[in-house]
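A.B. asks: After the structure tokens below, expect a handful of questions from me.
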Amino acid sequence: MVAASASEAGVVAGGDATAVTFEVNGKPQSVALDPRTTLLDALREHLRLTGTKKGCDHGQCGACTVLVNGRRMLSCLSLAAMHEGDTITTIEGLGTPE
Ligand code: FES
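In terms of the numbering used here, the sequence shown opens at residue 4 and continues consecutively.
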């Protein structure tokens, strides 16, 4: 498996970053990212929440499912910039092994 490059992961080196603030698993988070970054890549590459998986990256497998404002959503099909102020829950926020 080849690691994603910085541009594939939505990491912005120049001045094209968009600031997005949302609540993830109960914590306020603010990230600066390329406006084309998917919610999935924002969670995995910017916030290091790798419990949300990238399977097909085309909306077919459901591996990237998260809760946005309590509603199920495929994070690979949604841009992170569309979620300003939203409440997002990933698998890491659902509980503990106990
Ligand atoms: S990665 Fe398969 S539906 Fe999102």
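In this text, a Cβ means the ideal position worked out from N, Cα and C, and glycines have one as well.
Just so we're clear, the structure is a prediction, and the values are computed from it rather than from any experiment.
Kindly list the residues whose CB is nearer than 6 Å to the CB of Ala35, restricted to its own chain and excluding five residues on each side of it in sequence; keep chain order.
C.D. replies: Ala20, Ala22
A.B. asks: Hey, quick one: how far does the beta strand (DSSP E) through Ala35 stretch, first residue to last?
C.D. replies: It spans 30 to 36 - the beta strand (DSSP E) in which Ala35 sits, taken as one unbroken run.
A.B. asks: Please enumerate, following chain order, all residues with a beta carbon closer than 6 Å to at least one heavy atom belonging to the ligand FES.
C.D. replies: Lys57, Gly58, Cys59, Asp60, Gly62, Gln63, Cys64, Gly65, Ala66, Cys67, Leu77, Cys79
A.B. asks: Apart from the five residues just before and just after Ala9, which ones in its own chain have a Cβ nearer than 6 Å to its Cβ?
C.D. replies: Note that Ala9 has pLDDT 46, beneath the 50 cutoff, so the model's placement of it is unreliable and no number is given.
A.B. asks: What is the DSSP secondary structure of Arg47, reduced to helix, strand or coil?
C.D. replies: helix
A.B. asks: Excluding sequence positions up to five away, which residues of its chain have a Cβ less than 8 Å from the Cβ of Glu87?
C.D. replies: Val23, Thr24, Phe25
A.B. asks: Where do the ends of the beta strand (DSSP E) carrying Met85 lie?
C.D. replies: Run containing Met85: none; DSSP gives neither H nor E here.
A.B. asks: Checking the sheet assignment: what are the DSSP bridge partners for Ile91?
C.D. replies: Val27, Val71
A.B. asks: How many whole angstroms separate the CB atoms of Leu77 and Gly65, which I take to be in contact at a CB cut-off of 8 Å?
C.D. replies: Their Cβ separation, rounded to whole angstroms, is 7 Å, which keeps Leu77 and Gly65 in contact under 8 Å.
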